[in-house]
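Colleague:
There are 2 protein chains.
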Amino acid sequence: MAFDRLIENIVKMQNPTVAGLDPKLDYVPESIKKRCFAEYGKTLEGAAAALLEFNKALIDALYDIVPAVKPQAAYYEMYGWQGVKALSDTVAYARSKGMFVITDGKRNDIGTTMEAYAAAHLGTTDVGGESFDAFGADALTVNGYLGTDGIKPLAAICSEKDKGIFVLVKTSNPSSGELQDMKLDTDERVYEHMGRMCESWGQSLGGKYGYSGVGAVVGATYPEQLKEMREKCPHTFFLVPGYGAQGGGAEDVKLAFDKNGLGAVINSSRGIMCAWKKQGLTEEDFTQAARSEAVRMRDEIISSIGKIKIV
Amino acid sequence: MAFDRLIENIVKMQNPTVAGLDPKLDYVPESIKKRCFAEYGKTLEGAAAALLEFNKALIDALYDIVPAVKPQAAYYEMYGWQGVKALSDTVAYARSKGMFVITDGKRNDIGTTMEAYAAAHLGTTDVGGESFDAFGADALTVNGYLGTDGIKPLAAICSEKDKGIFVLVKTSNPSSGELQDMKLDTDERVYEHMGRMCESWGQSLGGKYGYSGVGAVVGATYPEQLKEMREKCPHTFFLVPGYGAQGGGAEDVKLAFDKNGLGAVINSSRGIMCAWKKQGLTEEDFTQAARSEAVRMRDEIISSIGKIKIV
Numbered sequence: 001m002a003f004d005r006l007i008e009n010i011v012k013m014q015n016p017t018v019a020g021l022d023p024k025l026d027y028v029p030e031s032i033k034k035r036c037f038a039e040y041g042k043t044l045e046g047a048a049a050a051l052l053e054f055n056k057a058l059i060d061a062l063y064d065i066v067p068a069v070k071p072q073a074a075y076y077e078m079y080g081w082q083g084v085k086a087l088s089d090t091v092a093y094a095r096s097k098g099m100f101v102i103t104d105g106k107r108n109d110i111g112t113t114m115e116a117y118a119a120a121h122l123g124t125t126d127v128g129g130e131s132f133d134a135f136g137a138d139a140l141t142v143n144g145y146l147g148t149d150g151i152k153p154l155a156a157i158c159s160e161k162d163k164g165i166f167v168l169v170k171t172s173n174p175s176s177g178e179l180q181d182m183k184l185d186t187d188e189r190v191y192e193h194m195g196r197m198c199e200s201w202g203q204s205l206g207g208k209y210g211y212s213g214v215g216a217v218v219g220a221t222y223p224e225q226l227k228e229m230r231e232k233c234p235h236t237f238f239l240v241p242g243y244g245a246q247g248g249g250a251e252d253v254k255l256a257f258d259k260n261g262l263g264a265v266i267n268s269s270r271g272i273m274c275a276w277k278k279q280g281l282t283e284e285d286f287t288q289a290a291r292s293e294a295v296r297m298r299d300e301i302i303s304s305i306g307k308i309k310i311v
Numbered sequence: 001m002a003f004d005r006l007i008e009n010i011v012k013m014q015n016p017t018v019a020g021l022d023p024k025l026d027y028v029p030e031s032i033k034k035r036c037f038a039e040y041g042k043t044l045e046g047a048a049a050a051l052l053e054f055n056k057a058l059i060d061a062l063y064d065i066v067p068a069v070k071p072q073a074a075y076y077e078m079y080g081w082q083g084v085k086a087l088s089d090t091v092a093y094a095r096s097k098g099m100f101v102i103t104d105g106k107r108n109d110i111g112t113t114m115e116a117y118a119a120a121h122l123g124t125t126d127v128g129g130e131s132f133d134a135f136g137a138d139a140l141t142v143n144g145y146l147g148t149d150g151i152k153p154l155a156a157i158c159s160e161k162d163k164g165i166f167v168l169v170k171t172s173n174p175s176s177g178e179l180q181d182m183k184l185d186t187d188e189r190v191y192e193h194m195g196r197m198c199e200s201w202g203q204s205l206g207g208k209y210g211y212s213g214v215g216a217v218v219g220a221t222y223p224e225q226l227k228e229m230r231e232k233c234p235h236t237f238f239l240v241p242g243y244g245a246q247g248g249g250a251e252d253v254k255l256a257f258d259k260n261g262l263g264a265v266i267n268s269s270r271g272i273m274c275a276w277k278k279q280g281l282t283e284e285d286f287t288q289a290a291r292s293e294a295v296r297m298r299d300e301i302i303s304s305i306g307k308i309k310i311v
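Residue numbers (the working numbering), protein chains in the order written: chain A, 1 to 311; chain B, 1 to 311.
#1: With a threshold of 9 Å between beta carbons, is residue 145 (chain A) in contact with chain B?
#2: May I ask you to report which of helix, strand or coil DSSP gives residue 164 (chain B)?
#3: Using C-beta distances below 7 Å, list every residue in its chain close to residue 200 (chain A), excluding the 5 sequence neighbours before and after it, in chain order.
#4: Please confirm if residue 306 (chain A) has its CB atom under 9 Å from at least one CB of chain B.
#5: Would you verify that the beta carbon of residue 230 (chain B) is, or is not, closer than 9 Å to some beta carbon of chain A?
#6: For residue 118 (chain B), I'd like the list of residues in its chain whose CB is within less than 7 Å of its CB, leaving aside the five on either flank, ordered along the chain.
#7: Residues of the stretch 19-32 of chain A with a CB closer than 8 Å to any CB of chain B: list them in chain order, please.
#8: Suppose contacts are defined by Cβ-Cβ distances below 9 Å. Is residue 221 (chain A) in contact with residue 195 (chain A) by that definition?
#9: Using a threshold of 9 Å, state whether the C-beta atoms of residue 15 (chain A) and residue 301 (chain A) are closer than that.
#10: Could you confirm whether any beta carbon from chain A is found closer than 9 Å to the beta carbon of residue 176 (chain B)?
#11: Exposed or buried, residue 248 (chain A), counting other C-beta atoms within 10 Å across all chains shown (16 or more means buried)?
#12: Going by C-alpha to C-alpha distance, which of B:179, B:202, B:10 and B:3 sits closest to residue 188 (chain A)?
#13: Assuming residue 140 (chain B) is part of the beta strand (DSSP E), what are its boundary residues?
#14: Within its chain, find whatever has a CB closer than 7 Å to the CB of residue 285 (chain A); leave out the 5 residues flanking it on each side and keep chain order.
#15: Just to confirm, is the Cβ distance from residue 59 (chain B) to residue 13 (chain B) under 9 Å?
#16: Is it right to say residue 311 (chain A) is buried, meaning 16 or more other beta carbons lie within 10 angstroms of its own, or is it exposed?
#17: Which residues share a DSSP beta bridge with residue 102 (chain A)?
#18: Quick one: Cα of residue 214 (chain A) to Cα of residue 204 (chain A), how far?
#19: Which residue from B:211, B:43, B:172 and B:70 puts its Cα closest to that of residue 95 (chain B)?
#20: Give the list of continuous beta strand (DSSP E) stretches no shorter than 3 residues that lie fully inside the stretch 9-55 of chain B.
#21: So with Cβ pairs under 9 Å, would you call residue 135 (chain A) a contact of chain B?
#22: Residues of the stretch 41-74 of chain B in Cβ contact with chain A at a cutoff of 8 Å, in chain order, please.
#23: Since residue 239 (chain A) sits in a beta bridge, which residues does DSSP pair it with?
#24: Would you mind telling me which residues of chain A sit closer than 7 Å to residue 81 (chain B), beta carbon to beta carbon, in chain order?
#25: Report the three-state DSSP secondary structure of residue 253 (chain A) (helix, strand or coil).
#26: List the endpoints of the continuous alpha helix (DSSP H) containing residue 286 (chain A).
#27: Going by CA-CA distance only, name the one from B:288, B:61 and B:113 that's closest to residue 269 (chain A).
#28: Pick helix, strand or coil for residue 185 (chain A), following the three-state DSSP scheme.
#29: Under 9 Å between beta-carbons, which chain A residues line up against residue 94 (chain B)? List them in chain order, please.
#30: Thinking just about the alpha-carbon of each residue, which of B:109, B:68, B:177 and B:141 is nearest to the one in residue 167 (chain A)?
#31: Figure out for me which residue from A:161, A:129, A:115 and A:298 has the closest Cα to the Cα of residue 142 (chain A).
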């Protein structure tokens, strides 16, 4: 349960990374856009078709070497329900290729409303006795500002359906400290308090490899905090943004892992999607460039952390 | 700009309330479901059609006496992209009737990703030079855990397009205190700190009536904090959940208003959608029941706060 399937993918591929699918239309090669606009017009439907084709090509290029993908919901929502359909189709396609899918939605609410998000993204929806996967991802990012009432409604689905969540703890952006680094009168900082809540929420959702179904988002851009949280949250699996474009390097992300090389998955979005730019290729070579960047990133991280072992 | 249009609606109707559209399929009358399932089957599409028909009937029953609606995104997402299309159609229908639409999505992210959410819900999306409203609401609820990087990307749209945001400050749920009530070593509590950030974020987004485009969610279930925040955040318009079903009464929500009866809009979701149950009517009378509950709520609040004035 929990993140066991993600961990097994990581160990099998010896690759603790996740490819972010944040498909801005600007990133999509002209040839794809041209074809989709010809078929559907310069419309939300046309844009959504282009995003989906772009994503599928990336997934085809990555699925045998990268264990997971992380579509970012915002980039689909901006293309309306048509874009949201492309999100749903992307999730289904990645899962059909065996990838672990983390929907990055940072959803948050309470009670039955949070149950609705859980059903939407991780569970199933009942319609008059018939059951449907609305989006059907393996994990969802969530925001814990509302406390236990916003997390508990996900627990049943995580446990029954073998799914996981990543709670925002210490985010990678420059202003994350405005709230997250504030010191409480208990002497903890807000992000530590949130990390401790993750450990507590995860207690009833233990997995085979020592990590619970409640993970945490901890950014690569704050290596000290990453190290600190790795020590303080030994059962919490980390989703680590901020590698590459945002400035985090292999020595920074190394701090997210335990001594067996487990405990974290490192995200790269633009670095992989737009790899052709850095490699001096044309945009038509984006899949080949994405694959070689994914290999480079894997090798860089593995050479830093060593062989990943399940013990 | 900002919440001026909402305020004008409120003053004109002498009604500082918003009807929450959280359409669980269980709340939709059998006759609507039967018709939609006959046309589309017991499918996500059939469910979405039923939600939309339910919402339209509620909007028709309320639009001349209630200034705003608040669709809750989770209840649409759980029905997949088909449900999300129903959200989009609901927003458009309510706006066509002159209602101010607050999409309750509690979205949060940073930089270009938050810009994508802003475009999705409040702004427009460009597709090869053509411009589209993806969802096109007037305001969006957001979560400020990520700090300024998560709020600033919304400012341009709020200012250019006459839109607003409501940042979660003190939520109405029982566990909201687990983080929000924690005391910082500055002697402020987390919710006060967040409230102060709202005042600061709103400085460049001032409106005609003294309230900025950055509002706050403050629950009716914590009247002391509601009173405190009203005093400490004089330029921040409040969206107040927790009235009715969650326990907040008219004397509690009174504390959210300034001396002119401005400064807040009080939400009721189930109370209005399921009013027929309380009134001993059949579900086929849900629109009539919703309207009379909206009138009762309006009269109760107005008798508590007095006539609402723009000064």
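Beta carbons: idealized from backbone N, C-alpha and C, even for Gly.
Modeller: So, from the listed chains and residues:
#1: Here residue 145 (chain A) corresponds to residue number 145 of the first sequence, with the count starting at 1. By this cut-off, residue 145 (chain A) is an interface position.
#2: Locating residue 164 (chain B) in the second sequence gives position 164, counting from the first residue. Looking at residue 164 (chain B) - three-state DSSP - the assignment turns out to be strand.
#3: Translated into the one-based positions of the first sequence, residue 200 (chain A) becomes position 200. Here the set comprises nothing.
#4: Against the first sequence, residue 306 (chain A) aligns to sequence position 306. Cβ-Cβ to chain B under 9 Å: no for residue 306 (chain A).
#5: As a position in the second sequence, residue 230 (chain B) is number 230, starting the count at 1. No, because no Cβ of chain A sits closer than 9 Å to the Cβ of residue 230 (chain B).
#6: Taking the first residue of the second sequence as 1, we reach residue 118 (chain B) at position 118. Excluding positions up to five away in sequence, the list reads 153, 154 and 157.
#7: 22, 24 and 25
#8: As a working mapping, residue 221 (chain A) is identified with position 221 in the first sequence. As a working mapping, residue 195 (chain A) is identified with position 195 in the first sequence. No; because the gap between Cβ atoms is not below 9 Å, this pair is not in contact.
#9: Taking the first sequence and counting its residues from 1, one reaches residue 15 (chain A) at position 15. Taking the first sequence and counting its residues from 1, one reaches residue 301 (chain A) at position 301. Yes. Within cutoff.
#10: On the second sequence, residue 176 (chain B) is found 176 positions in, with the first residue counted as 1. For residue 176 (chain B), the answer is yes, since a Cβ of chain A falls inside 9 Å of its Cβ.
#11: As a first step, residue 248 (chain A) is located in the first sequence; it is residue number 248 there, counting from the start. Buried is the call here.
#12: As a position in the first sequence, residue 188 (chain A) is number 188, starting the count at 1. The shortest C-alpha separation from residue 188 (chain A) is found at B:179.
#13: Walking along the second sequence from the start, residue 140 (chain B) turns up at place 140. From DSSP, the beta strand (DSSP E) with residue 140 (chain B) extends over 139-142.
#14: Here residue 285 (chain A) is taken as the residue at index 285 of the first sequence, counted from 1. For residue 285 (chain A), where only same-chain residues beyond five positions count, the Cβ hits under 7 Å are 276.
#15: Counted from its first residue, the second sequence places residue 59 (chain B) at position 59. Counted from its first residue, the second sequence places residue 13 (chain B) at position 13. Cβ distance not < 9 Å, so residue 59 (chain B) and residue 13 (chain B) don't count as in contact.
#16: Stepping through the first sequence from its first residue, residue 311 (chain A) is reached at position 311. Exposed is the call here.
#17: Here residue 102 (chain A) refers to the residue found at position 102 of the first sequence. Beta-bridge pairing links residue 102 (chain A) to A:139.
#18: On the first sequence, position 214 is the one that residue 214 (chain A) refers to. On the first sequence, position 204 is the one that residue 204 (chain A) refers to. Roughly 10 Å separates the two Cα atoms.
#19: One-based indexing of the second sequence puts residue 95 (chain B) at position 95. For residue 95 (chain B), the nearest C-alpha among the options comes from B:70.
#20: 17-21
#21: In the first sequence, residue 135 (chain A) corresponds to position 135, counting from 1. At least one chain B Cβ lies under 9 Å of residue 135 (chain A).
#22: 42, 43, 44, 46, 47, 72 and 74
#23: To locate residue 239 (chain A), count along the first sequence from 1; it is residue 239. BP columns for residue 239 (chain A) point to A:217 and A:265.
#24: Here residue 81 (chain B) refers to the residue found at position 81 when the second sequence is read from its first residue. By Cβ distance, chain A contributes 81, 84, 85 and 88.
#25: Here residue 253 (chain A) refers to the residue found at position 253 of the first sequence. It is helical.
#26: Counting from 1 along the first sequence, the entry for residue 286 (chain A) is found at position 286. Its alpha helix (DSSP H) spans residues 286-305.
#27: Sequence index remark: in the first sequence, residue 269 (chain A) carries index 269 (1-based). Nearest option by C-alpha distance: B:113.
#28: In the first sequence, counting from the first residue as 1, residue 185 (chain A) sits at position 185. If DSSP states are grouped into helix, strand and coil, residue 185 (chain A) belongs with coil.
#29: Here residue 94 (chain B) refers to the residue found at position 94 of the second sequence. Within chain A, no residue comes near residue 94 (chain B); the closest Cβ sits about 16 Å away, beyond 9 Å.
#30: Counted from its first residue, the first sequence places residue 167 (chain A) at position 167. Checked all of B:109, B:68, B:177 and B:141; the closest Cα to residue 167 (chain A) is B:109.
#31: For the purposes of this step, residue 142 (chain A) is taken as residue 142 along the first sequence, with counting starting at 1. Of the candidates A:161, A:129, A:115 and A:298, the one whose C-alpha sits nearest the C-alpha of residue 142 (chain A) is A:115.
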